[in-house]
Structures are given as structure tokens and as C-alpha cells.
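Going by the numbering used here, the first residue of the sequence shown is number -9, and it counts up by one from there.
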Amino acid sequence: MTRRAMVRGVGHYLPERIVPNSFFEDIVDTSDEWIRTRSGIERRHFAAEGETTSHMAVKAAKAALKDAGMSVGDIDAIIVATTTPDLTFPSTATMVQQGLGMERGFAFDIQAVCAGFIFALVNANALIVTGQAERILVIGAETFSRLLDMKDRATCVLFGDGAGALVLEAHAATGTNADRGILASDLNSDGRDRDMLYVDGGPSSTGTTGVVKMLGNQLFRRAVERLTETAHHALGKAGLSDNDVDWIVPHQANIRIIQGTAKKMGIPMEKVIVTVADHGNTSAASIPLALSVGKAEGKIKKGDLIVTEAIGGGLAWGGVVLRW
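If you want it as C-alpha cells, here you go:
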């Protein structure tokens, strides 16, 4: 028998404040049409004053635990993917651990920007497969609105805040690609492309938080190519092909990237979970948010084969193939 990490529950949280595209028309030279045409985004959520990444992560985690029919006492570990931690240290994951009332196990953060949830999911899978944990909360949470330069129309209109969470649980499986759970993954990074997407501040360089900087056109071309490649690599490792896919659940950065990747894979948009219009780019939170919405809408069902992929600053990118 083979040990697999299977999704048992999923949940998400979005801040109450909804920010439509029209909000930016009085701040920078832009319009609702310009934003929609270039990104597919219509609105996004911004965290309230005092609402932090850990606060949102706790709410998403509670929703995932409820969906799984579990309590925090069932959880062995928490992994939080975030680029916007509450503090430089300790980790946001330990704050979530405290917020949930979890008094055992371990918790840590992973930072791979928009690809963070993929990296967290792969690490959680490894911990479960090797027997280090039985059940893990994997969370993506971001308050990206606090990294934005509101005078830069190329970036300030793209991002939003939110959190999504999965509960992964170990279970015995056959070792074939018909198993439920995580079947294969593919991780990559290339530091030579750092300047395509970065924040111009940090503790050891400027002593400031900094703001997002992006070379959008270059990143777009790189994203479609690399997202298609990582999806195919992960499918190949699982002994599967594009024809086997029930759903693509991509990082929700830009509708044109999502459409371009689906086209290169030969998968119709009807098989793609898309939430970018309502959430904007929530970085590491976007994939678990989309998974949670997809399940809530009755799209994602038990036994469905899902490919999820993301690319973010670093550049870092990767894909995961799992059966729901």
C-alpha cells in the first residue's frame, strides 16, 4: 500500500471591504474598462485596519476544519504560505496556531510569493508521505494591499487580500494514479528573473517594507510558457495527460495568463476555475480560495482530477496534480 495526502476539507475568508475598479479612477490614470480588458479583474477585497494576515488565515482554517468535520485537536501541523506576514518574526503560522488554540504539533511559514501555496502543498505532502504528520492545515493568506504603491497603475489595480485553507490527511492508497490525494508535483525557481516581480524593501537591505515592482509584459510571456510546462511535467510524473484533467485551478493573476495556459494545454475554459474577476490577485491565497469557491459552487467533486499551478516572484513556479 502507498501513503497519500488527501484533501479532507477546504475553506476561505475574504475581508468585508469590496473595492471596485472605479475606486482607482480617482487615484491613477485608469478606468474600469482598462483594468477589465488587461486583467479580467472587476473587484477585489481589502483588509480592514487592524485586520492582519494571521486573522484571515485563522478564519479560513476554521472554515476548512468545519468542512472536514475536524477540530484543531486533530491537526499535527500548520503551514502558512504568505509574503505579507504580521511580523518579521515569529512566523505567521505560529500566530495561527495560537489563534486556533492548538497546543501541540508544529507550525511554519513558506515564502514563494504567488507560488507559495504550491510550495506549501508539496512540503505538506512530503511530511505526510514520510510519516511526520497525519493531518496538516495548509493555508495561503495575504494582505497584499499593504505592499501596493497606489500611484503605480500597473500594479495597484491587480492585487487583493484574502485567505484559503486545505486540510490534508494521510490515507492508505493503491499507489496508482487512480488514488485520491496528491499524485505528483513539480517545483522550479530561477533567481535570474528576480527583477520581473519584486518588492523594493526588506529588513537587511532597506529596513523598510517596500512596494511591489513588476515588469508586466515580460512576466506575462514567461508565465504562460512556464505554467504550461510545469503542469505537463506534473501530469507526466503521474502518468497522466491533458485529456485526464477534470479541472485546472490556476493561480488567479490575470485572465489572459489563465486563458493562454489553458489554450496551450488544449483544455477548454469550461474546465478552468476562475475567480480573478471577484478577488484580483491574492498571491499565495488565490489557489486555495479558488478551490474553496469551486467546491462551494458544486463544480469540484470527489474523484475529480485537478491540476493546479502558479508562478510568482523569484521567479518561482510549480504545479500539483491531485485527485479530489
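Every residue gets a Cβ at the ideal spot worked out from N, C-alpha and C, and that includes glycine.
Going along the chain, which residues of its own chain have a beta-carbon closer than 7 Å to the beta-carbon of residue i, five neighbours each way excluded?
{"i": "N113", "result": "I69 and I100"}
{"i": "A221", "result": "M255, V297, E299 and G309"}
{"i": "G270", "result": "I31, R34, L148, F149 and G150"}
{"i": "D234", "result": "L295"}
{"i": "M259", "result": "Q249 and A252"}
{"i": "Y3", "result": "M46, K49, A50, A53, G152 and A153"}
{"i": "D190", "result": "G200, V201 and K203"}
{"i": "A58", "result": "R(-2), G(-1) and V157"}
{"i": "I8", "result": "R33 and H35"}
In whole angstroms, give me the CA-to-CA distance for residue i and residue j.
{"i": "A280", "j": "A105", "result": "14 Å"}
{"i": "K56", "j": "E124", "result": "18 Å"}
{"i": "K203", "j": "T272", "result": "16 Å"}
{"i": "T265", "j": "V62", "result": "28 Å"}
{"i": "A155", "j": "T196", "result": "32 Å"}
{"i": "K253", "j": "A97", "result": "38 Å"}
{"i": "V103", "j": "S135", "result": "14 Å"}
{"i": "A10", "j": "A162", "result": "A small correction: the amino acid at residue 10 is Pro; Ala does not occupy that position in the sequence shown. Answer to the nearest angstrom: the Cα atoms are 46 Å apart."}
{"i": "R246", "j": "R94", "result": "44 Å"}
{"i": "R184", "j": "N207", "result": "14 Å"}
{"i": "S231", "j": "E41", "result": "42 Å"}
{"i": "S29", "j": "A54", "result": "29 Å"}
{"i": "R26", "j": "V239", "result": "20 Å"}
{"i": "N115", "j": "S21", "result": "43 Å"}
{"i": "S44", "j": "P75", "result": "8 Å"}
{"i": "P80", "j": "I257", "result": "42 Å"}
{"i": "L205", "j": "E215", "result": "16 Å"}
{"i": "G200", "j": "N167", "result": "44 Å"}
{"i": "R170", "j": "F107", "result": "20 Å"}
{"i": "G288", "j": "S194", "result": "46 Å"}
{"i": "F13", "j": "W314", "result": "38 Å"}
{"i": "K227", "j": "I172", "result": "12 Å"}
{"i": "V0", "j": "Q242", "result": "17 Å"}
{"i": "A83", "j": "S175", "result": "23 Å"}
{"i": "L225", "j": "V311", "result": "6 Å"}
{"i": "V157", "j": "D66", "result": "11 Å"}
{"i": "A144", "j": "A267", "result": "17 Å"}
{"i": "G192", "j": "R182", "result": "19 Å"}
{"i": "T78", "j": "E39", "result": "19 Å"}
{"i": "G303", "j": "V119", "result": "28 Å"}
From which residue to which residue does the alpha helix (DSSP H) around residue i run?
{"i": "A58", "result": "T43 to A58"}
{"i": "M255", "result": "I245 to M255"}
{"i": "H222", "result": "G206 to K227"}
Identify whether residue i lies in helix, strand or coil by the three-state DSSP scheme.
{"i": "V18", "result": "coil"}
{"i": "F13", "result": "helix"}
{"i": "I69", "result": "strand"}
{"i": "I108", "result": "helix"}
{"i": "N167", "result": "coil"}
{"i": "K141", "result": "coil"}
{"i": "I263", "result": "coil"}
{"i": "A162", "result": "strand"}
{"i": "R315", "result": "The requested residue 315 is not part of the displayed model; the chain covers only -9 to 314."}
{"i": "V157", "result": "strand"}
{"i": "D99", "result": "strand"}
{"i": "S29", "result": "helix"}
{"i": "V86", "result": "helix"}
{"i": "V119", "result": "helix"}
{"i": "D76", "result": "coil"}
{"i": "V202", "result": "strand"}
{"i": "S179", "result": "strand"}
Between which residues of its own chain and residue i is the CB-CB distance below 6 Å, once the five residues before and five after are set aside?
{"i": "M140", "result": "I17 and C146"}
{"i": "E159", "result": "M(-4), R(-2) and R125"}
{"i": "G284", "result": "I263 and I290"}
{"i": "A213", "result": "I247 and I301"}
{"i": "A37", "result": "P5, T133 and D151"}
{"i": "N244", "result": "S29"}
{"i": "D180", "result": "L305"}
{"i": "A275", "result": "G130, A131, E132, G152, A153 and G154"}
{"i": "A110", "result": "I69, A71, I100 and V128"}
What residue range does the beta strand (DSSP E) around residue i cover?
{"i": "H35", "result": "R33 to F36"}
{"i": "M(-4)", "result": "T(-8) to Y3"}
{"i": "A131", "result": "R125 to T133"}
{"i": "V235", "result": "V235 -> no beta strand (DSSP E), and no H or E assigned at all."}
{"i": "V147", "result": "Counting along the chain, V147 falls outside any beta strand (DSSP E), and DSSP gives it neither H nor E."}
{"i": "Q189", "result": "Here the sequence assigns Val to residue 189, which means Gln is not the residue at that position. Start and end: L187 to V189."}
Using a Cβ-Cβ cut-off of 8 Å (strictly less than) and excluding sequence neighbours within five positions of residue i, which residues of its own chain qualify?
{"i": "G165", "result": "M(-9) and T(-8)"}
{"i": "Q87", "result": "I68, G95 and A97"}
{"i": "W237", "result": "K261, V262, I263, G284, K289, I290, D294, L295, I296 and V297"}
{"i": "L315", "result": "A question about residue 315 goes unanswered here, because the residues of the chain that appear run from -9 up to 314."}
Report yes or no: is there a C-beta of chain B within less than 7 Å of the C-beta of residue i?
{"i": "S44", "result": "No chain B is present in this structure, which holds just one protein chain."}
Which runs of the alpha helix (DSSP H), 4 residues or longer, sit entirely within the stretch 275 to 313?
276 to 286
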